[in-house]
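J.: Have a look at this one before I ask anything.
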Amino acid sequence: MENVTVILAYTGLVLMVLLTGIGSAVGTVMGGNATVGAMKKKDDAFGSYMLLSALPGTQGLYGFGGFFIINSKGIISASMNMTQALAILAAGVILGVVGLISAVRQGQVCANGINAIGNGHDVFGNTMILAVFPELYAIIAFATTFIISQSL
Amino acid sequence: MIVPMTKYSFLVYHKQYEEFLNEIRNIGVVHIIEKPFEETQTLKANKSLLNEYSSTISALKKRLKAKNIEPESLVNTENTEVDGFTLLEEFKNYQQRLEYNNQKLVSLKKELSAVEPWGDYDLHRIESLAKNSLSFRFFVVSKHKFNPDWENQYPIEVINEIAGLVYFVLVQPNKENFEIEAEEVRIPKASFAQLKSEIDFFVNDSIKVNNELDNIANQIAVLETAKNNLFGEISFERVKLSTKKEADERLMLLEGWIPEENSSLVSDYCDKIGVLYLSGKPEETDKVPILLKNNKFAKLFEPIGKLYSLPAYAEIDLTAFLAPFFMVFFGFCLGDAGYGLTILALVTYYKMFKAKADIKPILTLVQYLGAATILMGMVSGTVFGVNLLDTGYLLNSESLKFLANSNVPQDIISKISSIVGQHYATRDQYFAAISGAIGAEGLNEYKSEFMRSAFSDYSVLNSFRHLILDSQNMFNLAIVFGMFQILFGMGMKAANMIKQKSFIFSVSTISWMILIIGLIVLQGGAAGGYFTKEFVTTPTYILLGVTGVGILFFNDPSANIFISFAKGLYDIYGMATGIFGDLLSYIRLFALGTSGAILGFVINQIAVQFLSIQYAGPVLFVIFLIIGHTLVLLLSVLGAFVHPLRLTFVEFYKNSGFAGGGKAYKPFTK
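If you read the protein sequences in the order shown, they are chains A and B. Sequential numbering of the first sequence, starting at 9, is according to the working numbering. Sequential numbering of the second sequence, starting at 5, is according to the working numbering.
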């Protein structure tokens, strides 16, 4: 039973970092791929492409931040109780899944924006604003993790 | 602020029109209202020529950039005798020649690589021998399939062995036909030497062409002038085409907008030459061009506002009001005083010594953002990832004296004397020790006094460390900022309503503001223990009643009371869900600040590990810190710029009732 709590807690931490990391990796790749295409048409807007490509990178950082907040509490040990372990697991699932999906979807918005800029439409500002819409939910998930960690 | 505009309609006699347009263009303040027109062939041709100029100039700029030459440092166009069009044509010709040379070089190099294994030979001799009944056949075979006996059996000569392939030639009388199990290849039609010389020719020609192109690049200013002149011609043509012709095309009717402050420039001229004109204030349906005029500080934030949209003419320009929020929010998201200082120092240096005049306003904006980051970094107590709250806690006899002077009861002081002299690295450890000694209640009651009485490892922090907000308080501060900006936005909406319509249209919004502020004061006060629950009950009902009337019955004063009531009900639903969502959105301020601080902290932790390495340790420590913090800074700056943008354009603009959609004022000028 003691091991079960530790396994659950670490599963939470794994999901937190793993899923958000995958999401950010996929999201930034989408931006990167679109950039390579757009460079053929308009190579003087690389700065805009790069900023938009980097946007989905933050979810991975939220995952890592969440891991750090919980890990630095120093409570993961054989003596922790089941409620604490489940709370950490829940935080991991919330941040992991929301971070994964929001990063991938954000990557799609950014990639479309990059394509549009490549085709000569001046939509850099608009794309940035729209692209941070899905990120809000990863932020909420990060804040949730923070609140959970306060109650551990 | 939006500059007030006056609408002008000019009626000009056709013979005077050209001169009139020229002078209007010289004055350069009229924004012409373009009417739909059909483009003439000349206009189409000029537009395509303008594109050619633009692409040529951009290609030449790249050429100059590759050679680290600033286009501004070149040429005086006044003295040159070359005209822009000739240069453009020359550029096109040289560019085509360069492309042709490149294509030729690719195919020649391909041929050369096929000929190379056969060495240099004389094709004419081979052909003349063939006429005299002795033909040459070229073969290629892989080394392991090549039979050395062939050299005895057939009249063959191995020419070369490259990359596992054997190249050999068979010399046979025309009557014979030897069968060899190897791949026969076509005799290359050009010899090695011929191909080499052709390649040399095209390479040299490309060098010449590149020199000519460089020469053209040095005269880029000529092209720029020609482009600007052409742009002027196109604008002129467009204005002429969008002119309405009256009285058998003898009278020209032109309409435009002029900033009120400049209108006398045009009206004086018209009076002088006798052109008839009418002027008047814009009507509600007019699409008036927008010219912003803000003070020095707010002007810096105009590019940020333009990222979304310019305001509509009837609205209040929000630039001056979004500026302080944007600054503070940027600082909140970046949230590290060290990073703020770095930005401020680097940008100030760049601005003073390197920057061109046109980017100085942007740099000033970045300086403000850096200063805001320092401020917010001090509030959260983060400097280069180091949390100032966790800088050691030590209680000594002076601390006890301070507690006694701060009216902390003597029994509590005597209880905590057990931890006097103990050193605690972090605030949590310090509070845990106090809580252990006097209980959680005592700690909560005198938290501030305990913070102030403890000595830090760094004495410089002692005077202000108790003012630093911890994570929980930063979370709350983000929400408070959010609430403040939302209420401020509502205030702007009410002001807009009053400006555009009348006070009665703003009653609903003002009621919402009073309701929210009232509820915060009454219910928040009761929850915080400032009022009793009984005390706030009646004022809360009165508040709900009074503001409810405003919200429900004044939602749309232009409609009848039932429709206004229905709209009010819908508004309540929208507001209840909207405000909650909007407030949550401000949590991003806290989340970004925290995640940035965590990354900075981790960089420090890893860097400290390097110190244990002998000799190289300190060097690696410094290098890792610089690289690590640079990366974190770049990542965090991106988030710290984008997220306040969203808060401004979505939450603030929505609650301000910002419609936007204004088109920029573009005067007809040279």
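Cβ atoms here follow ideal geometry from the backbone N, Cα and C, with glycine treated the same way.
Along chain B, in chain order, which residues have C-beta atoms closer than 7 Å to that of A/M136?
T.: Within the first sequence, numbered from 1, the residue matching residue 136 of chain A stands at position 128. What A/M136 touches in chain B: V646, L649.
J.: Measuring only between beta-carbons, confirm whether B/Y312 sits less than 9 Å from chain A.
T.: Reading the second sequence from its first residue, position 308 is the one you call residue 312 of chain B. At least one chain A Cβ lies under 9 Å of B/Y312.
J.: Mind checking B/Y669: buried by the 16 CB within 10 Å criterion, or exposed?
T.: The sequence position of residue 669 of chain B within the second sequence is 665, counting from 1. So B/Y669 ends up on the buried side.
J.: Pick helix, strand or coil for B/Q489, following the three-state DSSP scheme.
T.: Looking up residue 489 of chain B in the second sequence gives position 485. Looking at B/Q489 - three-state DSSP - the assignment turns out to be helix.
J.: Relative to the C-alpha of B/S239, which candidate in B/K51, B/N72, B/L269 has its C-alpha closest?
T.: The count along the second sequence starts at 1 and reaches residue 239 of chain B at position 235. If we check each option's Cα against that of B/S239, B/K51 comes out closest.
J.: Can you find a CB in chain B that lies within less than 9 Å of the CB of A/V140?
T.: Numbered from its first residue, the first sequence carries residue 140 of chain A at position 132. So, interface residue.
J.: According to DSSP, which residues form a beta bridge with B/A668?
T.: Translated into the one-based positions of the second sequence, residue 668 of chain B becomes position 664. Per DSSP, B/I294.
J.: Residues of chain B with CB under 7 Å from A/T66, in chain order?
T.: For the purposes of this step, residue 66 of chain A is identified with residue 58 of the first sequence, where counting begins at 1. What A/T66 touches in chain B: G643.
J.: Beta-carbon of A/G73 versus every beta-carbon of chain B: anything under 9 Å?
T.: Residue mapping note: residue 73 of chain A aligns to position 65 of the first sequence, counting from 1. For A/G73, the answer is yes, since a Cβ of chain B falls inside 9 Å of its Cβ.
J.: Starting from A/G133, find everything on chain B with Cβ-Cβ shorter than 7 Å and list it in chain order.
T.: Here residue 133 of chain A refers to the residue found at position 125 of the first sequence. Simply L311, Y312.
J.: If the cut is a Cβ gap below 7 Å, which residues of chain B does A/L59 touch?
T.: In the first sequence, counting from the first residue as 1, residue 59 of chain A sits at position 51. Going along chain B in sequence order, the residues near A/L59 (Cβ under 7 Å) are L642.
J.: Can you say whether B/H35 is buried or exposed, counting buried as having 16 or more other CB atoms within 10 angstroms of its CB?
T.: The count along the second sequence starts at 1 and reaches residue 35 of chain B at position 31. Buried.
J.: Quick check on B/N178: does DSSP put it in helix, strand or coil?
T.: The sequence position of residue 178 of chain B within the second sequence is 174, counting from 1. Of the three classes helix, strand and coil, the one that applies to B/N178 here is coil, per DSSP.
J.: With a threshold of 9 Å between beta carbons, is B/R592 in contact with chain A?
T.: By one-based count along the second sequence, residue 592 of chain B stands at place 588. Judged by the 9 Å Cβ criterion, B/R592 is in contact with chain A.
J.: Alpha carbon to alpha carbon, what distance is there between B/E202 and B/R101?
T.: Within the second sequence, numbered from 1, the residue matching residue 101 of chain B stands at position 97. Within the second sequence, numbered from 1, the residue matching residue 202 of chain B stands at position 198. So the alpha carbons of these two residues sit roughly 15 Å apart.
J.: I need the boundaries of the alpha helix (DSSP H) containing B/T46, first residue and last residue.
T.: The residue labelled residue 46 of chain B in the question sits at position 42 within the second sequence. Note, B/T46: alpha helix (DSSP H), 45-70.
J.: Since A/T28 and A/G68 should fall inside the 8 Å C-beta cutoff, what is the C-beta to C-beta distance between them, to a whole number of angstroms?
T.: As a position in the first sequence, residue 28 of chain A is number 20, starting the count at 1. As a position in the first sequence, residue 68 of chain A is number 60, starting the count at 1. That pair is a contact at about 5 Å.
J.: Give the residues of chain A in contact with B/Q476, contact being defined as C-beta atoms less than 8 Å apart.
T.: The count along the second sequence starts at 1 and reaches residue 476 of chain B at position 472. Within chain A, the residues near B/Q476 are Q158.
J.: What separation, rounded to the nearest whole angstrom, lies between the Cα atoms of A/L94 and A/S157?
T.: For this step, residue 94 of chain A is matched to residue 86 along the first sequence. For this step, residue 157 of chain A is matched to residue 149 along the first sequence. Going from the Cα of A/L94 to the Cα of A/S157 covers about 12 Å.
J.: For the ligand FAD, is there a heavy atom less than 8 Å away from the beta-carbon of A/V22?
T.: The ligand FAD is not part of the structure shown, which contains no ligands of any sort.
J.: If the criterion is Cβ atoms closer than 9 Å, does the pair B/T536 and B/G339 meet it?
T.: Here residue 536 of chain B corresponds to residue number 532 of the second sequence, with the count starting at 1. Here residue 339 of chain B corresponds to residue number 335 of the second sequence, with the count starting at 1. Going by C-beta atoms, B/T536 is not nearer than 9 Å to B/G339.
J.: Under the three-state reduction of DSSP, which class applies to B/F690: helix, strand or coil?
T.: The structure shown does not extend to residue 690 of chain B, since chain B spans only 5 to 674, so no value can be given for it.
J.: Which residues does DSSP pair with B/N164 in a beta bridge?
T.: The sequence position of residue 164 of chain B within the second sequence is 160, counting from 1. According to DSSP, which records beta bridges pairwise, B/N164 is partnered with B/Y171.
J.: Name the residue from A/I155, A/I30, A/G40, A/S32 whose alpha carbon lies nearest to the alpha carbon of A/A98.
T.: Translated into the one-based positions of the first sequence, residue 98 of chain A becomes position 90. Comparing Cα-Cα distances from A/A98 to each of A/I155, A/I30, A/G40, A/S32, the minimum goes to A/I155.
J.: So with CB distances below 8 Å, who are the chain B contacts of A/F54?
T.: As a position in the first sequence, residue 54 of chain A is number 46, starting the count at 1. Those do not exist, as A/F54 stays about 13 Å from chain B at its closest Cβ, beyond 8 Å.
J.: So for B/Y104, helix, strand or coil by DSSP?
T.: Stepping through the second sequence from its first residue, residue 104 of chain B is reached at position 100. The answer is helix: DSSP assigns B/Y104 an H, G or I state.
J.: From what residue to what residue does the alpha helix (DSSP H) around B/G284 run?
T.: The sequence position of residue 284 of chain B within the second sequence is 280, counting from 1. No alpha helix (DSSP H) contains B/G284, which is instead part of the beta strand (DSSP E) from 280-284.
J.: Less than 6 Å between C-beta atoms, sequence neighbours within five positions excluded: which residues of the same chain meet that for A/M88?
T.: Along the first sequence, one-based indexing puts residue 88 of chain A at 80. Closer than 6 Å at Cβ, skipping near neighbours: T13.
J.: Whose CA, out of B/C274, B/T395, B/H427, B/A441, lies closest to the CA of B/D415?
T.: As a first step, residue 415 of chain B must be located in the second sequence, where it is residue number 411. Closest option to B/D415, Cα to Cα, is B/A441.
J.: Compare the C-beta of A/L144 against all C-beta atoms of chain B and say whether one is closer than 9 Å.
T.: The residue labelled residue 144 of chain A in the question sits at position 136 within the first sequence. At least one chain B Cβ lies under 9 Å of A/L144.
J.: Say whether the stretch 372-383 of chain B touches the stretch 341-352 of chain B, bearing in mind that this needs 3 or more beta-carbon pairs closer than 8 Å, one atom from each stretch.
T.: Cβ pair count under 8 Å is three or more, so yes.
J.: So, at 7 Å on beta carbons, what are the nonlocal neighbours of B/F330 in its own chain, with the 5 sequence-adjacent residues on each side left out?
T.: By 1-based counting over the second sequence, the position of residue 330 of chain B is 326. Cβ within range, chain order: F305, I308, P648, T652.
J.: The stretch 575-600 of chain B: which residues have C-beta closer than 8 Å to a C-beta of chain A, in chain order?
T.: Here the close residues are L588, S589, I591, R592, F594, A595, L596, T598, S599.
J.: Alpha carbon to alpha carbon, how far is B/V207 from A/A33? Give it in angstroms, no decimals.
T.: For the purposes of this step, residue 33 of chain A is taken as residue 25 along the first sequence, with counting starting at 1. For the purposes of this step, residue 207 of chain B is taken as residue 203 along the second sequence, with counting starting at 1. Taking the straight line joining both Cα atoms gives about 45 Å.
J.: Listing by chain order, which chain B residues have their CB less than 7 Å from the CB of A/I147?
T.: What you label residue 147 of chain A is simply residue 139 of the first sequence in a count that begins at 1. Result: I591, R592, A595.
J.: Where does A/Y145 fall in DSSP's three states?
T.: Here the question's residue 145 of chain A lines up with position 137 in the first sequence. Note: A/Y145 maps to helix in three-state DSSP.
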